[in-house]
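A quick write-up on the structure given underneath.
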Amino acid sequence: MDEDMDVNEGLNHNGQYSTATTAEDFRINIAEVNRRIDSAASRTGRDSAEIELLPVSKTVPQERIREAVAAGCRKLGENKVQEAFRKSGEMDDLDISWAVIGHLQSNKARDVAKFASEFQALDRLKVAAALDRRLEAAGRSLDVYVQVNTSAEESKFGMPPEDLLSFLRELSQFPTLNLQGLMTLAVFSPDHDRVRTCFQRLRTLRDQAQETDPELIGAGKLSMGMSGDYEVAIEEGANCVRVGQAIFGKRALPDSHYWPENG
């Protein structure tokens, strides 16, 4: 991260993300995140139009989510399937789509196939097969990202980088899964050099897959970066950044509660 970048922007006087409760609060927070996306993109000569901002609403009650939707959010990310499925039912009167961005057990594939438009944490063929079977029965398809463990941390989900090419080759047997690209969670650290290495690793893996066979990697997008590191991710080629606290505000429990692999 550039030394002159103000890492405290978007934080309140206590050094925490300010909680948005009204549509206007959300408009302000989203505008700030978009400003920083634009800035990060311009530093590397990128067009910010190619970068998707995915607001992550995990743990946020529907009353506040409705305010976020009023502020313009039309797609939301959730990392727990049961929570996302419940919210999708509670707010089926709204024009929004749902992306599941957390680890999925194959026995929950049925729920994902019912409501989600996107799944960003595919890392096992068993899950791919379960999703494909449920989606085919429902007459639906699903956008997916393959999750790769770029930090080599045993606590993190995602496949080892060395298994990626063989996994991508196997995905062609599941016609209901529309491969969008790769996803990763960087090392949970204030050291931006270590974080950057994870993002660089994912980009390299994407490039290698494209060189091997362009059809292997689908759209070839990179989903990487969260509230604390999305600008670094954009500098390294992110096409989707998953931002929660910088939009919704600090959560009641530490991030390791919601992302066990970050503990």
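Residue numbers (the UniProt record's numbering): 1 to 263. For every residue, glycine included, the Cβ atom is placed at its ideal position computed from N, Cα and C. Computed from a prediction, not measured in an experiment: that's the story for all the values here.
Contact check, Val112 vs Val148, beta carbons under 8 Å: no
Complete runs of the beta strand (DSSP E) confined to the segment 43 to 78 [at least 3 residues]: 52 to 55 and 75 to 78
Best match in Cys198, Met159 and Ala116 for proximity to Val144 [C-alpha to C-alpha]: Ala116
As assigned by DSSP and simplified to three states, the class of Ser117: coil
Option nearest Ala233 by Cα separation, candidates Met183, Glu90 and Phe248: Met183
Pairwise C-alpha distance: Ser227 and Tyr17: 10 Å
Buried or exposed (CB count within 10 angstroms, at least 16 for buried), residue 316: No answer is possible for residue 316: the residues shown for the chain start at 1 and end at 263.
Stretch pair the segment 24 to 43 + the segment 231 to 247: three plus CB contacts closer than 8 Å: yes
4 or more residues per run - each alpha helix (DSSP H) lying fully within the segment 197 to 250: 230 to 235 and 245 to 248
Ala209 beta carbon less than 8 Å from that of Leu165: yes
Assigned secondary structure, Val127 (DSSP; H/G/I helix, E/B strand, else coil): helix
Simplified DSSP state of Gln82, which is helix, strand or coil: helix
Cβ neighbour criterion (16 or more within 10 Å) applied to Thr155: The question names Thr, but residue 155 is Ser in the sequence shown. Label assigned to Ser155: exposed.
Residues of its chain near Ala41, where Cβ-Cβ distance is below 7 Å and the 5 sequence neighbours each way are ignored: Asp47, Ser48, Ile51 and Ile234
DSSP state of Ala41 mapped onto helix, strand, coil: helix
Residues that Gly181 bridges to, as DSSP identifies them: Tyr145 and Lys221
As assigned by DSSP and simplified to three states, the class of Ala109: helix
Selection from Ala68, Gly45, Leu94 and His103 that minimises the alpha carbon distance to Asn29: Ala68
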